[in-house]
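Working notes, beginning with the structure itself.
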Amino acid sequence: MQQPNGIPPQGTAASTVMSAATTRLATTRTLPLETHDLGTFDDLVDLVSGGGVVVLSGAGLSTESGIPDYRGPDGTRRVEPMTYGEFAGSSEARRRYWARSYIGWQRFNAAEPNEGHRVVTDLQRAGYVGPIITQNVDGLHQASGATDVIELHGSLDRAVCLTCGEYTTRIGLHERMTEANPGFMERFAEAAQTVGSQWGEQVRPDGDIVLADSLVESFHAPRCLVCGHDTVKPDVVFFGESVPKALVEQCFSLVEGAGAVLVLGSSLSVMSGYRFVRRAHQRDVPVAIVTRSATRGDAEASLRLHAPLGPTLEDLRQALGH
Numbered sequence: 001m002q003q004p005n006g007i008p009p010q011g012t013a014a015s016t017v018m019s020a021a022t023t024r025l026a027t028t029r030t031l032p033l034e035t036h037d038l039g040t041f042d043d044l045v046d047l048v049s050g051g052g053v054v055v056l057s058g059a060g061l062s063t064e065s066g067i068p069d070y071r072g073p074d075g076t077r078r079v080e081p082m083t084y085g086e087f088a089g090s091s092e093a094r095r096r097y098w099a100r101s102y103i104g105w106q107r108f109n110a111a112e113p114n115e116g117h118r119v120v121t122d123l124q125r126a127g128y129v130g131p132i133i134t135q136n137v138d139g140l141h142q143a144s145g146a147t148d149v150i151e152l153h154g155s156l157d158r159a160v161c162l163t164c165g166e167y168t169t170r171i172g173l174h175e176r177m178t179e180a181n182p183g184f185m186e187r188f189a190e191a192a193q194t195v196g197s198q199w200g201e202q203v204r205p206d207g208d209i210v211l212a213d214s215l216v217e218s219f220h221a222p223r224c225l226v227c228g229h230d231t232v233k234p235d236v237v238f239f240g241e242s243v244p245k246a247l248v249e250q251c252f253s254l255v256e257g258a259g260a261v262l263v264l265g266s267s268l269s270v271m272s273g274y275r276f277v278r279r280a281h282q283r284d285v286p287v288a289i290v291t292r293s294a295t296r297g298d299a300e301a302s303l304r305l306h307a308p309l310g311p312t313l314e315d316l317r318q319a320l321g322h
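Counting in the UniProt record's numbering, the sequence shown runs from 1 upward without gaps.
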């Protein structure tokens, strides 16, 4: 099975080594649990005030909207997402994904932009920030009013058939699943009472959720309205799947022409985002990273602040007079 860029096969020594002082991400890069800032908040203000900033955002920017990150503060995964190979490999896997996503997406879809998203939008409107490259699939940048947003990993608001290529809206797909699965929400709610809050806490950044096998077995997965196959997939890049080459090249071009790259809420643990930090560093484009935990790109950063995103971005907006 194909592995995500930079992620070793499950079960290798690199994915299991752990000590009290350090932890290994799935990238095999050892990150310190104790982190130190590089530069100051005033340096961040100076950097952004120069304009031409390309933002690279990750799941950490959306946690204050109620969408949990995949990883904990030490960079280790809280949950294992379904891979592309699993999803494409069997009808059973697709049914499991859609049953879980049917529940999780309803909370996911109700999420609203937080102050961090709004600050990025305000800074874009003020001319400090240009294009936004996001690893998130939640559409919250656009919901906050941002423009020129590049969705590196796609978006959960649409789905595509892997067999015939037909696209559909996620809202329409959800309505079809509701019709095909009467009473499913009620059965879920009844089962959830026996396990408590862990159900809500385990919603994933892709809208997935933990779900009992007995419920999964009763779920009818969606079929394509054009070809009739059950190979309908959310239009997002799964782990083990590649970001389209043309999109990667577009992002490289933006990074190379930027005044600075500002990373917000990403551990950069997968190559899909980390490569842009590497490219910026190679081209002497300043890189600023703001997130609580250590990241894979810390060594390439010219400015590094371990701080909560919402308050830090609010302070940044105020310091810039907006």
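Yeah, the Cβ is synthetic: ideal placement off N, Cα and C, and Gly gets one too.
Chain-order list of residues whose beta-carbon lies under 6 Å from that of residue i (same chain, five-residue window excluded)
i	result
D43	L303
A246	none
T40	none
T168	A159
V45	A319
Counterpart residues of residue i in DSSP-defined beta bridges
i	result
P234	A159
G154	V236
Y167	V160
I289	V263 and R304
V54	V261
L38	R304
I132	V55 and V149
T83	F239
Given residue i as reference, the closest of the options once Cα atoms are compared
i	options	result
F184	F219, R158 and S155	F219
E300	L140, E166 and A260	A260
E166	T231, W98, S62 and C251	T231
I133	A189, P68, N114 and S253	S253
S267	S293, F188, E256 and R279	S293
L61	G310, V248, A319 and G297	G310
P81	S101, T169, Q318 and S57	S101
C227	C164, F276 and R279	C164
R107	N136, D122 and G66	G66
N136	F41, D235 and A126	D235
F276	L225, R170 and G58	G58
I150	N109, G321 and V248	V248
E92	D213, T168, E186 and T63	D213
A191	R125, T168 and I103	I103
V48	H281, D298 and A258	A258
Assumed close pair residue i, residue j - CB separation to whole angstroms, cut-off 8 Å
i	j	result
V53	V129	5 Å
T83	G273	Going by Cβ atoms, the distance from T83 to G273 rounds to 18 Å, so no, they are not a contact pair.
V55	L262	5 Å
R95	V216	6 Å
E112	A146	Wrong, their Cβ atoms sit about 14 Å apart, outside the cutoff.
C-beta contact flag for residue i and residue j at 8 Å
i	j	result
M177	P222	yes
L305	V287	no
D157	G139	yes
W98	H174	no
L123	R317	yes
L152	V243	yes
Q127	G51	Per the sequence presented here, residue 127 reads as Gly, with Gln not at that position. Against a cut-off of 8 Å, the Cβ pair of G51 and G127 comes out as a contact.
E256	R283	yes
Beta-carbon contacts of residue i that lie in its chain and below 7 Å, excluding the five residues immediately before and after
i	result
K233	F87, A159, V160 and L162
E314	E115 and V119
V265	The sequence given here places Gly at residue 265; Val does not occur at that position. Only S57, G58, A59, G60, L61, T291 and L309 meet the Cβ criterion.
A110	none
H229	C161, T163 and R223
R125	none
Proximal residues to residue i (C-beta, below 8 Å), its chain only, five neighbours per side dropped
i	result
E201	Annotation note: pLDDT 45 at E201 (below 50); position unreliable, coordinate value reported separately. Contacts found: P68.
H141	S57, P113, H117, V120, T121, I132, T134 and V149
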